[in-house]
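In terms of the numbering used here, the sequence shown has 79 at position 18, counting the first letter as 1, and numbering is strictly consecutive.
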Amino acid sequence: MLAPCTRLLRSSPIAPRSIRLTRSYAAKAAPAAAASDAPAAPAAAAEDKPPVSRSSCLAGTPLPGLEVLKTDTEIVAQPDSAYPDWLWTILTPKLGSHQPVADGKFDPVAEKKKLRAKNRADIKAKNFLKAT
Numbered sequence: 062m063l064a065p066c067t068r069l070l071r072s073s074p075i076a077p078r079s080i081r082l083t084r085s086y087a088a089k090a091a092p093a094a095a096a097s098d099a100p101a102a103p104a105a106a107a108e109d110k111p112p113v114s115r116s117s118c119l120a121g122t123p124l125p126g127l128e129v130l131k132t133d134t135e136i137v138a139q140p141d142s143a144y145p146d147w148l149w150t151i152l153t154p155k156l157g158s159h160q161p162v163a164d165g166k167f168d169p170v171a172e173k174k175k176l177r178a179k180n181r182a183d184i185k186a187k188n189f190l191k192a193t
């Protein structure tokens, strides 16, 4: 269905009152009090769930393409307990120069200044070692 031209309808002295000329929005969400009246069954169900696996694949999943030699047997994923603890911390962000500002936003200008100062200090240290 084509929408009527609102400019023409607004300027017309005989604009039909049955056509809506304003935009309507969705209804507001229900207040939080209504959400708290929900039964507590989902919380109890969450406690009965098995522990979540930290790895991306289940134990016993074949991992094709990871063999080093053609004659090697197929590699199979092990349970999470078979891998060292440090393996699960590899993807966590490191404490370094790329830290967010106190309000949680990244400031690229301040980051660039820090990087320039660090590079300048590194160059001065290298030049000092070359001169001595």
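In this text, a Cβ means the ideal position worked out from N, Cα and C, and glycines have one as well.
The Cβ atoms of Leu119 and Ala138 lie closer than 8 angstroms to each other. In the three-state scheme derived from DSSP, where H, G and I count as helix and E and B as strand, Pro123 is classed as strand.
Asp141 places its beta carbon less than 8 angstroms from that of Ser116. For Val137, the three-state secondary structure derived from DSSP is strand. C-alpha of Lys131 to C-alpha of Trp147: approximately 30 angstroms in a straight line. Boundaries of the alpha helix (DSSP H) harbouring Ile184: Pro169 to Ala192, taken from the DSSP string. Within the same chain, and ignoring the five residues on either side of Glu135 in sequence, the residues whose Cβ sits closer than 8 angstroms to its Cβ are Pro123, Leu124, Pro125 and Glu128.
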